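K.L.:
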Amino acid sequence: MTGTRQVRLDASARATLDKAAHENFPVAPFFLPRAWRDDLMAIYGYARLVDDIGDSDLAPGGADARHLGAEGETDPLTLLDAFEADLRRVFDGVPAHPLLRALQPTVRRHALSPEPFLGLIEANRQDQLVRRYETYDDLVAYCVLSANPVGRLVLGVTGTTSPERVRLSDAICTALQIVEHLQDVAEDLARDRVYLPAEDLKRFHVTEADLARPTGGASVRALVAYEAERARRLLDAGTPLVTSVDGRLRLLLAGFVGGGHAALDAIAHAGYDVLPRPPRAARPQVFRRAGAALRRGRGKG
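Take 3 as the starting number for the sequence shown in our numbering and just add one per residue.
1) From 203, 295, 244, pick the residue whose C-alpha is nearest to that of residue 222; which is it?
2) Rounded to whole angstroms, what is the Cα-Cα separation between residue 196 and residue 230?
3) Which runs of the alpha helix (DSSP H) spanning at least 4 residues fall entirely within the stretch 193 to 238, listed in chain order?
4) Given a threshold of 16 other Cβ atoms within 10 Å of its Cβ, counted over all protein chains shown, does residue 148 qualify as buried or as exposed?
5) DSSP three-state call for residue 135: helix, strand or coil?
6) Could you name the residues of the same chain whose beta carbon sits closer than 7 Å to that of residue 50, not counting the 5 residues immediately before and after it, in chain order?
7) Reducing DSSP to helix, strand and coil, say where residue 10 ends up.
8) Hey, how far is the Cα of residue 76 from the Cα of residue 66?
9) Answer yes or no: do residue 191 and residue 276 have a C-beta to C-beta separation smaller than 8 Å?
10) Please name the residue, chosen from 265, 199, 250, 127, that lies closest to residue 36 on a Cα-to-Cα basis.
11) Relative to the alpha-carbon of residue 269, which residue among 172, 283, 288, 258 has its alpha-carbon at the smallest distance?
12) Give the range of the alpha helix (DSSP H) segment to which residue 86 is assigned.
13) By DSSP, does residue 101 sit in helix, in strand, or in coil?
14) With C-beta atoms as the reference, is residue 34 less than 8 Å away from residue 254?
15) With a threshold of 16 other CB atoms inside 10 Å of the CB of residue 24, please say whether the residue is buried or exposed.
16) For residue 294 and residue 243, what's the separation of their Cα atoms in angstroms?
17) Quick one: what's got a C-beta closer than 6 Å to residue 58's C-beta in the same chain, skipping five residues either side?
18) In the DSSP assignment, find the alpha helix (DSSP H) that holds residue 165 and state where it starts and stops.
19) Nearest-angstrom Cα distance between residue 179 and residue 127?
20) State the Cα-Cα distance for the pair residue 81 and residue 72, rounded to the nearest angstrom.
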């Protein structure tokens, strides 16, 4: 047995893993080898729990806080500190949290370094301290912590890491993070977070009051279209990653790229009005876009 199957998980840990079914992209699709699926689920459990801590989505006094030795604690920064301390035990000891114990065999099997995992924690710390981004470069720097580590871990688990693949993966992951921010403008604002660069809000004469309206006016929609095109260019720049690998991993990466393009298509289909509800792509459109990513890569080869 590999991955999470080696560790007995409590109800809280299982509930965290169950959230994979509701993510924008398949976390560990059926067509991947079982060992990869287990390892990817172990990484997902880690990343999902970090985000739940950062978003204050843990039940006060729940099992997760108890596992981290922080029973009764609700402050995200304190919980993130406790989680980081437990993460470090993955590499040189015995972690307390069951999801980290499940992660340990994956880390050892693939000789994964602490840096990508620490990046995800730091991104969530940043969410507690930085709620607005002045420039696009500032936002990209946040994505380096919040999104790019995931792609690097996928490459690590599948044994396909190279400098060029890391560069391409970073472009895709940053694009997917920007797409998610565009889908969730209203939800993020409700958490007092704005991931649209302030310089771009000024350029398009958009205020935060405009973002709080039930629907987006012409200026908001123009701003979203501008950011969507940036994400589209990043996806296009990263697409050669798909055909730089073989077999079932190629299908997985095509799914990520296709899912990003399909989400951008959904945003465009909504007239770039993302405020009433997050525009989501239908599964057939994701499949069509994934197929296009495969064909595009072959054409370039």
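We treat Cβ as the ideally placed atom computed from N, Cα and C, and that holds for glycine. Quantities reported herein were computed from a predicted structural model and do not represent experimental measurements.
P.N.:
Let me lay it out:
1) 203
2) 16 Å
3) 200 to 205, 210 to 213
4) buried
5) coil
6) 18, 21
7) coil
8) 11 Å
9) no
10) 250
11) 283
12) 78 to 94
13) helix
14) yes
15) exposed
16) 14 Å
17) 78
18) 165 to 185
19) 17 Å
20) 7 Å
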